[in-house]
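Chains as they are written, first to last, in my numbering: chain A, 2 to 327; chain B, 165 to 502.
Built from N, CA and C at the ideal position, the CB exists for glycine as well.
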Amino acid sequence: MPEINLLEAIRQGIDEMMADDARVFVFGEDVGIRGGVFRVTEGLHAKYPGRIIDAPLAESVIVGACIGAAMNDTLPIAEIQFADFIAPAFNQIVQEAARIHYRSNGDWTVPMVIRAPYGGGIHGALYHSQSIEAFFAHVPGLKVVAPATPYDAKGLLKSAVEDPNPVLFLEHKKTYRLIKGQVPDEDYRVPIGPADIKRPGEDLSVFAYGLMLHYALEAAQTLANEGVSVEVVDLRTLRPLDTRTILTSVRRTAKALIVHEDNLTGGFGGEIAALIAEHAFEHLDAPVTRLGGPDVPAMPFAKPLEDAFMPSPGKIAAAMRKLAAY
Amino acid sequence: MTLTTSDVVLSPSGDGPSLAPETLREMFRFMLLARTIDERMWLLNRGGKAPFVISCQGHEAAQVGAAFALTRGKDFTLPYYRGLASVLVMGMTPTEVMLALFARAADPSSGGRQMPAHYGSRRLKIVTQSSPVGTQIAHAAGIGLAERIKGGDAVVWTSFGEGTTSQGDFHEALNLAAIHQLPAIFQCENNEYAISVPQKLQMAVANVADRAAAYGMPGITVDGTDVLAMYEVTRRAVERARRGDGPTLIEARVVRMTAHSSDDNDRTYRPSSELKRLRQHDPVVRFAAYLQEHDLLGEDAERELRQTIIAEVDAATDAAEQAPLPDPETLYDHVYAP
């Protein structure tokens, strides 16, 4: 199996879906001849004339037009250049895309993907570093996925394009070229929904996604050297959430740590903590613990400030130790 | 052909389009049907049977004229909440409208989930609408974009009030549609009020259509109480769109003959002299006079038509009122498509 990075995996997924189905098209800023600011659509503009479309600099209509196109028998992939710029499209995503099937009593569907590079640690400052998942994972009618590996990214991308519902597809920018992995040549899917145990363990469970999944795996290896067996669960999909895998894991290990880069208060980790408290309380040997970004408006630019914001393998390992010793 | 404002000198007394007498009578029937349903909804509201009404009164000619220029079952329509007359022309029945008013399970627009007047029907290509205004204009542009990708020749028509043209989605969507010359018709029904806010506090330009120049598309201001002018202007815009020559912004100058909704009282912000004058611009009265003047609809025939429509609306009201409400167990249905 060839080893490719996460960005190439997403590009392959888009490419293969476009080759298979003429209804698939991409609409976003700079996606055309430039191939996107991260090069996700590089080479596709020439390969699929008229279907890799540069959008005007207007996020609301990027999503809004894709909603309309989805209702006219096409399969749009909207690209929001940076997740930080998704706010103008919030109304279209939440009020429209997520509610159209429900409000029309099942008459209309919105089969579309909204790709959004998110996350920090790349010197992106306040407006090129944000994590936005909590805003959208709150919304019934929307699916939210956040793959961490090339294999999952490609498989989930294909599932997202085929899904009859709007799917917010979150791509951690720092994983784009940093994370490499084996991806088979043959066609496959990773279903939206199921979490994946990336490292089995016995002493405590860690729940993470995106870049934090990799930091958690690194920290788990550190803890293994110290004699602590950590199970690392990659959530992969935030909505609908795989509650069964989460609860099964924590019932076995009796300790739970949730890690995300988004700031802590009101972050997605609170939902997992509540789930565990409600359904696995009697199995717990320690308080459910969260490690998130600090409650500051967004990630600063200067390196010391950025480092101070980002959860790191070291910070995660420290949280694991504390929990293991409880 | 390039449409300009100066092209639009149409009026029933001038160079109207050559429509067959039966088509003209059918247009009038839809206008009268919309008015009759609308008035009935207010009665039901004031009688305590319908919690909410939002009106089409004064907009009938703008919508019927436009909708007659579209191809039913082929072209997409994305009306806003005043779009009763347009959806009737596109195929929605009075009973279906009343089912939505009473929030019945069989309401085709939403199964009783949305407030009344949020029309939608996939079968009729009437796209489901929400309450935040202007979002549908972006959808319309996207439907046009998809039609371009598919190589089809359907056109998309969307409507909205003049207040909505202050929204970013209006600007973003018209800009996109013009860049790609998408097959779209944007109909602004300018009744000069956004709830209580008059046009002069909504924009500094005299006409919404003036904005079209900034997008690079034709913009036309039409007397929206003149059904034949509306038909002709829309017909040209549809031809243009179908040919691949791009979108058109049509500003229909209409009157809002009621308060904003059943929860509003427009006497608190509209001068009484203005309210009295509204009836002089009633598009239904105007077209009835035109048809009589041209011997296309005699007094007896009009009386008979009114009676037929009242009976139809009576039957629709009864059928809808007796239809079952949604089962609470369906609350969780259709959160996600299977």
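For residue i, which of the options has the nearest alpha-carbon?
i: Asp497/B; options: Phe282/A, Pro141/A, Pro118/A and Asp286/A; result: Pro141/A
i: Phe302/A; options: Arg291/A, Pro148/A, Leu127/A and Tyr103/A; result: Leu127/A
i: His215/A; options: Ile94/A, Gly121/A, Lys144/A and Ala149/A; result: Ala149/A
i: Leu495/B; options: Ile317/A, Gly14/A, Tyr103/A and Gly120/A; result: Tyr103/A
i: Asp409/B; options: Ala304/B, Asp317/B and Gly211/B; result: Asp317/B
i: Leu489/B; options: Gly255/B, Asp271/B and Asp239/B; result: Asp271/B
i: Ile474/B; options: Tyr454/B, Pro492/B and Phe194/B; result: Phe194/B
i: Met311/A; options: Asp235/A, Ala299/A and Gly294/A; result: Gly294/A
i: Phe39/A; options: Ala71/A, Met2/A and Arg116/A; result: Arg116/A
i: Ser250/B; options: Gly276/B, Gly222/B and Gly308/B; result: Gly222/B
i: Lys213/B; options: Glu485/B, Ile201/B, Tyr244/B and Asp491/B; result: Glu485/B
i: Gly383/B; options: Cys352/B, Arg407/B and Leu392/B; result: Cys352/B
i: Thr187/B; options: Ile201/B, Leu455/B, Thr299/B and Thr472/B; result: Leu455/B
Between residue i and residue j, how many whole angstroms is the CB-CB distance? I'm expecting something under 8 Å.
i: Ala79/A; j: Val25/A; result: Between Val25/A and Ala79/A the Cβ distance is about 12 Å, and since that is not below 8 Å, they are no contact.
i: Ala416/B; j: Met381/B; result: With 8 Å as the limit, Ala416/B and Met381/B do not qualify as a contact, their Cβ atoms being about 16 Å apart.
i: Arg204/B; j: Val499/B; result: Rounded, the Cβ-Cβ distance is 34 Å, inconsistent with contact.
i: Ser294/B; j: Tyr283/B; result: So it is not a contact: roughly 12 Å between Cβ atoms.
i: Phe232/B; j: Met191/B; result: 6 Å
i: Ala342/B; j: Thr322/B; result: With a Cβ gap of about 14 Å, Ala342/B and Thr322/B do not count as contacting.
i: Pro64/A; j: Ala98/A; result: Note on residue identity: the sequence assigns Val, not Pro, to residue 64/A. At roughly 7 Å, the Cβ-Cβ gap stays under 8 Å, so Val64/A and Ala98/A are in contact.
i: Leu218/A; j: Val233/A; result: 5 Å
i: Ala255/A; j: Ala318/A; result: No, Ala255/A and Ala318/A are not in contact; Cβ-Cβ is about 19 Å, not under 8 Å.
i: Leu324/A; j: Ala287/A; result: 6 Å
i: Glu307/A; j: His124/A; result: 7 Å
i: Pro347/B; j: Val319/B; result: 4 Å
Give the DSSP-derived three-state secondary structure of residue i in the structure shown.
i: Ile94/A; result: helix
i: Ser436/B; result: helix
i: Val191/A; result: coil
i: Thr328/B; result: helix
i: Lys174/A; result: coil
i: Pro305/A; result: helix
i: Phe310/A; result: helix
i: Ile198/A; result: strand
i: Tyr357/B; result: strand
i: Asp55/A; result: strand
i: Glu30/A; result: coil
i: Asp164/A; result: coil
i: Val372/B; result: helix
i: Ser206/A; result: strand
i: Ser323/B; result: strand
i: Glu227/A; result: coil
i: His335/B; result: helix
i: Gln366/B; result: coil
i: Ala257/A; result: strand
i: Ile63/A; result: helix
For residue i, which residues in the same chain have their Cβ closer than 6 Å to its Cβ, ignoring the five residues on either side in sequence?
i: Ala302/B; result: Asp333 and Ala337
i: Pro201/A; result: Glu232
i: Ile218/B; result: Tyr245, Ala281 and Ser425
Could you name the residues of chain E that residue i contacts, counting a contact when the two beta carbons are closer than 8 Å?
i: Val499/B; result: Among the protein chains of the structure shown, namely A and B, there is no chain E.
Ordered along the chain, which non-local residues of its own chain (more than five positions away) have a Cβ less than 8 Å from that of residue i?
i: Ile53/A; result: Phe26, Val27, Val32, Gly33, Thr42, Leu45 and His46
i: Ile193/A; result: Lys144, Val146, Leu157, Ser160, Ala161, Asp164, Val168, Thr238 and Pro241
i: Leu276/A; result: Leu242, Thr244, Ile247 and Leu248
Can you give me the Cβ contacts of residue i inside the same chain, cut-off strictly under 7 Å, excluding the 5 residues immediately before and after it?
i: Asp22/A; result: Leu76
i: Gly255/B; result: Arg236 and Leu288
i: His280/A; result: Leu248
i: Met2/A; result: Gln183, Val184 and Pro185
i: Gln131/A; result: Ala84, Asp85, Tyr119 and Ala299
i: Ala274/A; result: Ile259, Val289 and Arg291
i: Lys238/B; result: Ala318
i: Leu252/B; result: Phe194, Leu197 and Ala198
| task | With 9 Å as the C-beta to C-beta threshold (strictly closer), list the residues of the region 50-75 of chain A near chain B in chain order. | result | Gly51, Arg52, Ile54, Ala56, Pro57, Ala59, Glu60, Ser61, Val62, Ile63, Val64, Gly65, Ala66, Cys67, Ile68, Gly69, Ala70, Ala71, Met72, Asn73, Asp74 and Thr75
| query | For the region 341-364 of chain B, which residues have a CB atom closer than 7 Å to at least one CB atom of chain A, in sequence order? | reply | Ile343
| field | Interface positions of the region 108-141 of chain A facing chain B (Cβ-Cβ less than 9 Å), listed along the chain | value | Asp108, Trp109, Thr110, Val111, Pro112 and Pro141
| Members of the region 323-338 of chain B near chain A, C-beta cut-off 7 Å | Gly332, Asp333, Glu336 and Ala337
| query | Which of the residues in the region 176-208 of chain A, read from start to end, lie with their CB under 7 Å from any CB of chain B? | reply | none
| request: May I ask you to list, following chain order, the residues of the region 19-32 of chain A that have a beta carbon less than 7 Å from some beta carbon of chain B? | output: Phe26
| query | If you measure beta-carbon to beta-carbon, which residues of the region 83-101 of chain A are closer than 8 Å to chain B? | reply | Pro89, Asn92, Gln93, Gln96, Glu97, Arg100 and Ile101
| query | Looking at chain A, which residues of the region 202-215 of chain B have a Cβ within less than 8 Å of any of its Cβ atoms? | reply | none
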